[in-house]
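Asks: Residue numbers (the numbering used here): 604 to 707. Glycine included, C-beta positions come from ideal geometry on N, C-alpha and C. None of the values given here were measured: they were computed from a predicted structure. My questions will all concern the structure given below.
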Amino acid sequence: MIKYEDLDQYIEPFLIKYGLHVYKISAHDTSIRSIDVVDDSGDVYQINITINENNISIGIWDKKVDGKGKTSNCKISSFENKLTKAYEKIEDWITSSGKSRTPV
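Quick look at the structure:
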């Protein structure tokens, strides 16, 4: 079974590259990793990482638009690529709304 510790080797460099922070949340026998992506105007988008058996779920959400989100599943072998694709999709949402994001 995959553990979050198995993913940290991919998450940490990702966070540094894009100037992000991960929140490690545990509640009701469930753990997730949550990453807020904030654009320059202060709008918040989110990447959520959850583990279910041997699958990893990566969900992205536009927190100001109800229902605007996408979830994909992957194995650990494609996790790094899927995480980058999730961030790129959020960047697309930001730029398509005429905004920008400066990594900090």
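Assuming residue 702 and residue 646 make a contact with CB atoms under 8 Å, what is their CB distance in whole Å?
Replies: With 8 Å as the limit, residue 702 and residue 646 qualify as a contact, their Cβ atoms being about 7 Å apart.
Asks: Taking Cβ positions, are residue 607 and residue 634 nearer each other than 8 Å?
Replies: Yes, they are a contact pair.
Asks: Using the Cα positions of residue 631 and residue 619, report the straight-line distance between them to the nearest angstrom.
Replies: Their Cα atoms are separated by approximately 30 Å.
Asks: Which residues does DSSP list as the beta-bridge partners of residue 630?
Replies: Answer by DSSP bridge pairing, in chain order: 633.
Asks: At which residues does the beta strand (DSSP E) containing residue 674 begin and terminate?
Replies: Start and end: 672-677.
Asks: Considering residue 684, what are the terminal residues of the alpha helix (DSSP H) in which it resides?
Replies: 682-699 is the extent of the alpha helix (DSSP H) around residue 684.
Asks: The alpha helix (DSSP H) spanning residue 611 covers which residue range?
Replies: Unbroken alpha helix (DSSP H) run through residue 611: 607-621.
Asks: Within a Cβ cutoff of 8 Å, which residues of the same chain sit near residue 659, ignoring the five residues on either side of it in sequence?
Replies: The residues are 605, 610, 652, 653, 676, 677, 678, 679, 682 and 685.
Asks: What residues are listed by DSSP as bridge partners for residue 653?
Replies: Looking at the DSSP assignment, residue 653 forms a beta bridge with 635 and 660.
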